[in-house]
Amino acid sequence: MIRSIISHFFPNSCLACEKEIDPGHYLCFECLNSMAGPIMAPLELPYIDSAFSYWKYESPMRELIHAYKFEDRPGIARLFSNMTFEMMNTFLPATNVVVPVPTSLQAFVKRGYDTNLGILRFLSRKVEIRIENILSISGKTVPQSTLKMKDRIDNVKDKFRLKKKPSCDSVILFDDVVTSGATASQCARVLREGGVKDIVFFAVASAKK
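Count the sequence shown with the working numbering and you get residues 681 to 889, in order.
Structure representation (structure tokens):
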């Protein structure tokens with residue numbers, strides 16, 4: 681009864697196909713279940729031992745990511761944490777230490793929240809993980825999504841720093857989206873310089889071919 685009243689006055693639609701759905705949801709059943717992840721084929725990224733994504737950066741994942749990062753929908757982090765949980769159960773990393781790729785200051789100010797930490801905090805309610813927010817990004821960077829592939833490496837080169845040494849030599853590096861892989865690889869390089877020997881990388885979505 682209450683749900684029907686809310687739906688009447690505050691209609692909600694699927695982010696991908698615009699079908700009417702219940703309040704509090706982001707995708708219809710069909711669109712949600714079209715993402716049958718995680719993808720088993722690994723990604724190849726420099727400085728990273730193994731890398732995986734839950735699904736491809738295409739509809740309906742693309743609409744979810746965009747809404748989460750640019751339309752003030754922090755609640756989508758819960759859905760992304762479910763996907764990350766499935767990756768952990770599938771690929772069984774040998775560590776529970778998770779290092780998020782850092783969010784730039786300008787992105788944090790614009791959104792009001794850290795997209796990667798938001799996902800990991802929901803994930804920590806499902807599985808015992810240790811979030812080590814030990815990477816920082818210095819200086820100004822242009823959003824990677826606005827650059828051509830060949831310019832993305834230069835955009836993030838030498839921009840990442842360790843705030844403190846990792847607590848162990850095996851970590852999971854996490855980002856919501858991987859495109860060229862330049863950001864993840866630069867973060868991994870810095871982690872290796874800090875003493876990390878084994879790096880697994882998880883991303884919710886991948887646009888990398």
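Glycine residues also receive a C-beta, built at the ideal position from the N, C-alpha and C atoms.
The stretch 843-858 touching the stretch 808-819, judged by at least three CB pairs closer than 8 Å: yes
Any beta strand (DSSP E) of 3 or more consecutive residues that is wholly inside the stretch 742-799: 777-780
Residues sharing a beta bridge with N692, DSSP: I701
A885 burial status per 10 Å Cβ neighbour count (16 or more: buried): buried
When I756, A716 and L712 are compared against L800, the one with the closest alpha-carbon: I756
7 Å Cβ shell around P803 - same chain, five flanking residues per side excluded: Looking at the sequence shown, residue 803 is not Pro but Leu. Within the same chain, L803 has close Cβ partners S761, T764, F765 and I809.
Residue from L723, M768, A787 and L725 whose Cα sits closest to the Cα of E751: A787
V807 - DSSP class collapsed to helix/strand/coil: In the structure shown, V807 sits in coil (DSSP, three-state: anything other than H, G, I, E or B).
DSSP bridge partner residues for S733 (one or two, in chain order): A883
Euclidean distance between Cα positions of S816 and F840: 6 Å
Given 8 Å, three or more beta-carbon pairs between the stretch 854-873 and the stretch 789-797: With a cut-off of 8 Å, the stretch 789-797 and the stretch 854-873 count as touching, because enough Cβ pairs lie within range.
Close Cβ partners of M720 (< 7 Å) along its chain, the five nearest in sequence each way excluded: none
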